[in-house]
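In the numbering used here, the protein residues as written are 2 to 73.
C-beta atoms are modelled at their ideal positions from N, C-alpha and C, and glycine is treated no differently.
First the structure, in the form of structure tokens, and then the observations on it.
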């Protein structure tokens with residue numbers, strides 16, 4: 002996958018998740034999506050990467066939304 006496809010995939014997944022989690026800052030969503038993409042970027046089968054990226058990012062966002070706030 003070239004850089005254009007990579008950026009388009011990250012942007013599309015970010016858009017979908019930003020609509021689903023409007024209370025979460027968009028830059029946080031984009032960072033989580035980019036991290037998930039990086040984890041899967043070396044895979045040989047490219048067809049399912051967008052779906053797997055979205056699933057992984059959605060799980061992480063759901064977990065962080067339900068986690069109790071941490072004391073600083």
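Beta-carbon spacing of residue i, residue j below 9 Å
i: residue 18; j: residue 62; result: yes
i: residue 66; j: residue 24; result: yes
i: residue 58; j: residue 37; result: yes
Option nearest residue i by Cα separation, candidates the options
i: residue 9; options: 40, 35, 60 and 64; result: 35
i: residue 29; options: 49, 45, 11 and 43; result: 11
i: residue 56; options: 33, 25, 44 and 46; result: 33
i: residue 3; options: 68, 60, 64 and 47; result: 47
Beta-carbon separation (whole angstroms), residue i vs residue j, contact threshold 8 Å
i: residue 31; j: residue 15; result: 5 Å
Residue i - containing alpha helix (DSSP H), residue span
i: residue 38; result: 27 to 41
i: residue 5; result: 4 to 21
i: residue 74; result: Only positions 2 to 73 of the chain appear in this structure, which leaves residue 74 out of reach.
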